[in-house]
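Each residue of the sequence shown is one higher than the one before, starting from -8 at the first, in the working numbering.
All C-beta atoms in this analysis are idealised placements derived from N, C-alpha and C, irrespective of residue type, glycine included.
Predicted model only: the values in this text are computed from it and were never measured.
Written out below as structure tokens is the structure these notes cover.
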Amino acid sequence: MSNKFKQLGLSDQILEVLEEIGFETPTPIQEQAIPLLLGNNPTDFIGLAQTGTGKTAAFGLPLLDLVDATQPHTQALIMAPTRELGQQIAQQLVAFSKNNRDLRVEVVYGGSSISAQIRALKKGVQVVVATPGRLLDLIRRKAIHLDRVEYVILDEADEMLNMGFKEDIDAILEHAGDMPAIWLFSATMPSAIRKIVKKYMEAPLEVVVNTEEISNKDITHQYVVTKVANKLMALRRFLDIMPEMRGVLFCRTKRETEQIAKELGDIGYNVAALNGDMSQGQRDQVMKQFKRRSMQLLIATDVAARGIDVKDLTHVIHHTLPDQIEYYTHRSGRTGRAGNKGISLVFINPREKRKITELERRNKISFEQVQIPSHEQMLSSRINHWADLIINTKVHEQAHLILQELHGQFTHLTKEELLKRLISTQLDHLLLQDGSQEDLNEMLGGKRSEQGKRSGANRDSALDGGGSNRYFINIGTIDGVTRADLLHFISDVSGVDRKFIGNISLQKNCAYFDMDNTHDRGLGNKFRGMRIEGRKIRVNLDTDPKKPKRGKARPRPGLPESGNRKRKGKKGRKKRKG
Ligand code: AMP
-8 MSNKFKQLGL SDQILEVLEE IGFETPTPIQ EQAIPLLLGN NPTDFIGLAQ
42 TGTGKTAAFG LPLLDLVDAT QPHTQALIMA PTRELGQQIA QQLVAFSKNN
92 RDLRVEVVYG GSSISAQIRA LKKGVQVVVA TPGRLLDLIR RKAIHLDRVE
142 YVILDEADEM LNMGFKEDID AILEHAGDMP AIWLFSATMP SAIRKIVKKY
192 MEAPLEVVVN TEEISNKDIT HQYVVTKVAN KLMALRRFLD IMPEMRGVLF
242 CRTKRETEQI AKELGDIGYN VAALNGDMSQ GQRDQVMKQF KRRSMQLLIA
292 TDVAARGIDV KDLTHVIHHT LPDQIEYYTH RSGRTGRAGN KGISLVFINP
342 REKRKITELE RRNKISFEQV QIPSHEQMLS SRINHWADLI INTKVHEQAH
392 LILQELHGQF THLTKEELLK RLISTQLDHL LLQDGSQEDL NEMLGGKRSE
442 QGKRSGANRD SALDGGGSNR YFINIGTIDG VTRADLLHFI SDVSGVDRKF
492 IGNISLQKNC AYFDMDNTHD RGLGNKFRGM RIEGRKIRVN LDTDPKKPKR
542 GKARPRPGLP ESGNRKRKGK KGRKKRKG
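Written out as structure tokens, the structure is:
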């Protein structure tokens, strides 16, 4: 058991809890900080460490042993930059002190009812965890008294300063009575922190954990190069080929988090935004879902994601790199925690390679360039997913009746033929849903990689290459067709493989599509004589000045034989006339 913890001077009560919750080996910061804090009490202390290194226990465990639980007054104050981090610290402290019934920990933060917090504090709380703004508010309302506080812990001090809490922190430290011990934790030591150290601390003991070792060991750093406009599509490819992914996508602005969450959410991905504009209730709800694993990706700003402690994150994805280079480590530190492996994946545009080099140099890490999955990989993964879904689907009661109503329409098909057709329908659905089949990889400096060019031999890029013509067809949504129906129909009637048809734009009364110009000879003629509800179908070049006007059509679900679900054998479809 926690033999190594035993050597640090912690009480039996704490050691028992550690055993129960499965902490066996102290992390480097715990190993160094705990004996210092217990053996030199009271002392000022600086811990240079970031989230994910186990620093909460590094200060929390000795603190719980030093606080006198028999005395109800507030003895320790822990300040944290965000509500989420505050809550997580409090949760850990409550867990660590579960064998000590007299000890109370309370967390207070803005954006939540202050009167409820005031009531909670009245019950006698020895350890208060707080965000600076709300804490100052509570001090001014005399709901909390700092005169007998013995320990003030500033967690993620650099971040609190970044968030503009400098004056609040100053005011709080001024309020704190008789020179409490200050324990300051920070990932970086900018001059503003040094000023705090100089002003309020006396001969602090210092522990620096080798953040490189800790952050690098379990995190693989990767980057992809793509155009800004293709980032979302690229992200979708990753989400598609890794349905087990559970990660955080970092964006620079709140608006970005909302836009991306909406776009992905609208097309069925399990994602949600987390940003500072959301109410506390909304944020809690999102975090709850995320922790329950009912969400693939949390889309967050740096500030909102600060301190998120969710185990087993497989990925951290950087939609845009942070302005401040230090943030990269904070971000990537969300994954690869507590011995788990994780991937930190950066999306850069072709001109941002120097940022990767800078990150490598500053953080002494190395990046590998990876390719954005191809459209084919994405399709195959989604088809597999779809197959799993079919296999695991519970058969609906009505299915039996519907099958009878179909009057044995499928009986002439073998199981394999039926499956192939089902797969084809699904493929068409996916092809059209996906929007782009392009190779999304760009070469550094701006040109498409050779590998990318090769794997990009697909419909859109073939058509985009200039070898295609744009056509008009007088069938539209009014006829009750989808783009997939239309694709089938055009391909069936013309005999041109679907991969040579693309960019279908379906409008109310008509549609436009591209066809590879090596396959479109006499295309218009192939539709000659075909009718929809008595109306002649016309197909001609989009540039044709004699583009026929569409006749008035009554809405009708489906297309004539070929485009409709009732399609028969290939021969039967091709020459069919209305
Ligand atoms: P922190 O850096 O304090 O946010 O901690 C990161 C995560 O590591 C939290 O989920 C802790 O519960 C966990 N953790 C911290 N110390 C240990 C330890 N010695 N053994 C196992 N897990 C730990």
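- Query: Under 6 angstroms from any heavy atom of the ligand AMP, does the C-beta of lysine 46 make it?
  - Reply: yes
Residues sharing a beta bridge with glutamine 360, DSSP:
Tyr214
Fill in: Cβ pair arginine 237, leucine 304 closer than 7 angstroms
yes
Can you grab the Cα-Cα spacing for the pair isoleucine 519 / arginine 412, in whole Å? It should be noted that the sequence gives arginine, not isoleucine, for residue 519. Approximately 27 angstroms between the Cα atoms of the pair.
Point to revise | Cβ pair valine 98, valine 116 closer than 7 angstroms | key: no
| Of the choices Ile481, Gly525, Ala24 and Ala107, whose alpha-carbon is the least far from that of proline 195? | Ala24
If we require 4 or more residues per run, which alpha helix (DSSP H) segments fall completely within the segment 98 to 168? 105 to 113, 123 to 131, 148 to 153 and 157 to 166
**Prompt:** What is the residue span of the beta strand (DSSP E) that leucine 497 lies within?
**Reply:** 492 to 497
Which partner residues does asparagine 460 have in the DSSP bridge list?
Met506
Fill in: Top-ranked residue by Cα proximity to proline 17, from Leu(-1), Val8 and Gln360
Leu(-1)
Output yes or no for whether 7 angstroms exceeds the beta carbon distance between aspartate 3 and alanine 71. no
### Query
Cβ atoms of valine 143 and threonine 65: under 7 angstroms apart, would you say?
no
(request) Measure the alpha-carbon distance for glutamate 343 versus glutamine 362 and round it to whole angstroms. (result) 16 angstroms
Task: Collapsed DSSP secondary structure at lysine 527 in the structure displayed - done: strand
Through-space distance from glutamine 417 to isoleucine 374, alpha-carbon basis = 8 angstroms
| field | Span of the beta strand (DSSP E) around phenylalanine 36 | value | 36 to 39
_Alpha carbon of glutamate 11 to alpha carbon of serine 88, nearest angstrom_ = 12 angstroms
- Query: Could you give the distance in angstroms between the alpha-carbon of glutamine 21 and the alpha-carbon of aspartate 314?
  - Reply: 31 angstroms
**OP:** Would you tell me roughly how many angstroms separate the C-alpha atoms of isoleucine 163 and glycine 272, rounded to the nearest one?
**Re:** 27 angstroms
If you run the structure through DSSP and keep just helix, strand and coil, what is isoleucine 173? strand
Q. For asparagine 266, is the classification buried or exposed, using 16 other Cβ atoms within 10 angstroms of its Cβ as the cut-off for buried?
A. buried
>> Taking 6 angstroms as the cut-off, is the beta-carbon of threonine 34 closer than that to any non-hydrogen atom of the ligand AMP?
In response: no
* Asked: Between which two residues does the beta strand (DSSP E) containing alanine 390 stretch?
  -> Unbroken run through alanine 390 is the alpha helix (DSSP H), 388 to 396; no beta strand (DSSP E).
- Item | Backbone secondary structure at proline 548 - three-state DSSP | Because proline 548 carries a pLDDT of 36, less than 50, the predicted location of this residue cannot be relied on, and no value is offered for it.
Leaving out five residues before and five after isoleucine 37 in sequence, what residues of the same chain have Cβ atoms less than 6 angstroms from its Cβ? Leu175, Pro195 and Glu197
Check for me: the alpha helix (DSSP H) holding leucine 304 runs from which residue to which? Segment: none, leucine 304 is in no alpha helix (DSSP H) and carries neither H nor E.
Range covered by the alpha helix (DSSP H) that runs through threonine 348: 344 to 354
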